[in-house]
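Student: Under our numbering, the letters of the sequence shown match residues 55 to 241, in that order.
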Amino acid sequence: FVDKELAPYVQQRTAYRSMRQQNQLDPSSYNNPGNLEDRKWAGGVGLYAMKRDGQTLTDKDGKKFKTKPFTIFDSPEMGYRALARVLINGYIGKTFEEAVKKFAPSVENKTEPYMNTLVQQVGVKDKNEKITQNNVKQVMKAITKHENEENLRSYYTDKHVEDGYNLAIKFPDVPENTSFQDLKNNL
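#1: If we count the other Cβ atoms within 10 Å of its Cβ and call it buried at 16 or more, is residue 233 buried or exposed?
#2: Just list the residues that DSSP pairs residue 201 with in beta bridges.
#3: Output needed for residue 195: all residues of its chain with C-beta closer than 7 Å, excluding positions within five of it in sequence on either side, in chain order.
#4: Enumerate in chain order the residues of its own chain whose CB-to-CB distance from residue 85 is below 6 Å, with the five nearest sequence positions on each side excluded.
#5: Return the CA-CA distance between residue 139 and residue 228, expressed in angstroms with no decimal places.
#6: Exposed or buried, what is residue 169 when buried is set at 16 or more other beta-carbons lying within 10 Å of its beta-carbon?
#7: Put residue 101 into one of helix, strand or coil per three-state DSSP.
#8: Any idea which residues DSSP pairs residue 150 with across the strands?
#9: Counting pairs of beta carbons, one from the stretch 185-203 and one from the stretch 147-162, are three or more of them closer than 8 Å?
#10: Hey, how far is the Cα of residue 181 from the Cα of residue 125?
#11: State the DSSP-derived secondary structure class of residue 166, mapped to helix, strand or coil.
#12: What is the DSSP secondary structure of residue 171, counted as helix, strand or coil?
#13: Would you kindly work out how many angstroms separate the C-alpha atoms of residue 119 and residue 110, rounded to a whole number?
#14: Counting only the same chain and skipping the five closest in sequence on each side, list residues whose C-beta sits under 8 Å from that of residue 144.
#15: Can we count residue 143 as close to the ligand FMN, meaning its CB is less than 7 Å from some heavy atom?
#16: Between residue 201 and residue 88, which are expected to be in contact by the criterion C-beta below 8 Å, what is the C-beta distance as a whole number of angstroms?
#17: According to DSSP, what are the bridge partners of residue 91?
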């Protein structure tokens, strides 16, 4: 049984899941510039990298991590909205080193190159500089550069970043079944 209001959303997620299983989705269709794991995001319409679902990874200190698949967003703007919310809620005030270790833990990523990409792209002096409200958009762009292959980097535009950031500021808390179409007239 599915609530009538959620039925279109569930159908859309099911359609994306089916297309993904049949390898019919191009990576740009994921609209997830930060490779954010599934959290029932607004604009989320499906999942990819299903083999990650429930994997347990252990870092060098013995800490265990459960992985989740990544979210497919209905638009690049909603992918950037989610990334902006993550950064605003959990990373402002953290150093670039602290942020990378949390956002991209070494159990899954090469943190030193990741950190170097962010520091260089954002234009800060070193990894001990802090993420601030003033540099969040640059951090979003740097994450996009590091998380995506060259051919996808050109898919994501400065306008996507700007619109996603503005949506995150203007609509900090929206239900998961909210689409870009629902919000775009209020940008």
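C-beta atoms are modelled at their ideal positions from N, C-alpha and C, and glycine is treated no differently.
Quantities reported herein were computed from a predicted structural model and do not represent experimental measurements.
Tutor: This is what the structure gives:
#1: buried
#2: Bridge partners of residue 201: none, in fact.
#3: 175 and 215
#4: 127, 129, 130 and 133
#5: 11 Å
#6: Buried is the call here.
#7: strand
#8: Looking at the DSSP output, residue 150 bridges to nothing.
#9: yes
#10: 28 Å
#11: Per DSSP, reduced to three states, the secondary structure at residue 166 is helical.
#12: helix
#13: 5 Å
#14: 156
#15: With respect to the ligand FMN, the structure offers nothing, as it holds no ligand at all.
#16: 6 Å between Cβ atoms; contact.
#17: 124
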